[in-house]
Amino acid sequence: MNSIREDLPRVSIDSIQNWEHVKSRYAQAILTKLETELSATGTLEERAALLAHINEYIESTWSIARPNLRVNGQNLELLDEHGQDMEPFDESLDRRIWSLADTRLKWHKRIAETRRKVPATIENEFIEICKTGLQTDPSDVIDLVADDNTIYPQQSGYDTIPAWGDELNQMIPIQRERSEILKAVTTEAKALKM
139 MNSIREDLPR VSIDSIQNWE HVKSRYAQAI LTKLETELSA TGTLEERAAL LAHINEYIES
199 TWSIARPNLR VNGQNLELLD EHGQDMEPFD ESLDRRIWSL ADTRLKWHKR IAETRRKVPA
259 TIENEFIEIC KTGLQTDPSD VIDLVADDNT IYPQQSGYDT IPAWGDELNQ MIPIQRERSE
319 ILKAVTTEAK ALKM
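Heads up: take any position in the sequence shown, counting from 1, add 138, and you land on the working numbering.
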């Protein structure tokens with residue numbers, strides 16, 4: 139029975155002071171209504187009897203409502219009478235923490251899937267490139283003869299390799315400079331965090 143009871147949502151109240159305010163306003167509204175009804179017709183004896191019944195009704199209402207309330211993230215029925223000993227609990231922070239944990243779990247899953255799939259994809263693409271490179275048209279192949287009469291086939295696309303080398307020689311200093319700047323910024327950022 140308790141597990142079913144815990145599945146039902148409870149009414150959340152920020153603080154015990156808010157709960158006391160609701161209680162006092164409710165009692166005040168009922169007593170005001172009783173006074174207006176008794177002012178027209180009613181004796182002192184009726185007033186005393188009705189007031190006792192009204193107070194009993196108000197107390198039974200609070201005892202019924204108590205199991206359905208949460209004050210500051212904790213069940214009201216588990217708190218002491220004044221709620222003084224309870225530790226502050228921030229429900230919005232709790233929801234944010236659970237949301238971040240869920241997001242972290244999703245990212246870890248995505249990273250793991252990427253680590254499994256991407257290397258295989260790259261390997262397949264590399265194998266495909268190698269296969270297409272080996273399946274060249276004979277008119278594109280030039281045979282070179284070395285001094286020892288060994289024949290080395292050369293593909294006409296290989297003439298772009300020196301251009302790539304020159305481009306690489308130009309890019310390396312730029313990339314090295316960028317990496318040094320990145321290291322400096324990283325150390326500054328770490329220093330600021332501490």
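Built from N, CA and C at the ideal position, the CB exists for glycine as well.
Task: Proximity of N206 and R163 at Cβ, strictly below 8 Å - done: Indexing the sequence shown from 1 puts residue 206 at position 68. Indexing the sequence shown from 1 puts residue 163 at position 25. In this structure, R163 does not lie closer than 8 Å to N206 by Cβ.
Open item on the list: Can you list, in chain order, the residues of its chain with a C-beta nearer than 6 Å to that of E229? Leave out the 5 residues immediately preceding and following it.
Closed with: Residue 229 sits at position 91 when you count from the first residue of the sequence shown. So the list reads G211, once near-sequence residues are dropped.
Open item on the list: By the three-class DSSP mapping on this structure, what secondary structure does N213 have?
Closed with: Sequence index remark: in the sequence shown, residue 213 carries index 75 (1-based). Strand, per DSSP.
Task: Residues that DSSP places opposite R208 in a beta bridge - done: Sequence index remark: in the sequence shown, residue 208 carries index 70 (1-based). Answer is S150, N213.
Task: Beta-carbon proximity list for D223, same chain, < 7 Å, skipping 5 on both sides - done: What you label residue 223 is simply residue 85 of the sequence shown in a count that begins at 1. For D223, the pLDDT reaches just 48, beneath the cut-off of 50, and the residue's location in the model is therefore unreliable, although a value from the coordinates is still provided. Nothing meets the Cβ criterion.
- [ ] Note the first and the last residue of the continuous alpha helix (DSSP H) segment covering T181.
- [x] Position 43 of the sequence shown holds residue 181. First-last for T181: undefined, no H or E at that position.
Task: For I260 and T252, the rounded distance between their alpha carbons - done: For the purposes of this step, residue 252 is identified with residue 114 of the sequence shown, where counting begins at 1. For the purposes of this step, residue 260 is identified with residue 122 of the sequence shown, where counting begins at 1. So the alpha carbons of these two residues sit roughly 12 Å apart.
- [ ] List the whole-angstrom C-beta distance separating A165 from I196, where the pair is believed to meet the contact cut-off of C-beta under 8 Å.
- [x] Working through the sequence shown from its first residue, we reach residue 165 at position 27. Working through the sequence shown from its first residue, we reach residue 196 at position 58. That belief holds up - the Cβ atoms of A165 and I196 are roughly 5 Å apart, short of 8 Å.
TODO: If I'm right that R208 touches S150 with Cβ under 8 Å, what's the distance once you round it to whole angstroms?
DONE: Along the sequence shown, one-based indexing puts residue 208 at 70. Along the sequence shown, one-based indexing puts residue 150 at 12. Yes, they are in contact, since the Cβ atoms of R208 and S150 sit about 5 Å apart, within 8 Å.
Open item on the list: In this structure, how does DSSP classify D232 when only helix, strand and coil are distinguished?
Closed with: Numbered from its first residue, the sequence shown carries residue 232 at position 94. It is helical.
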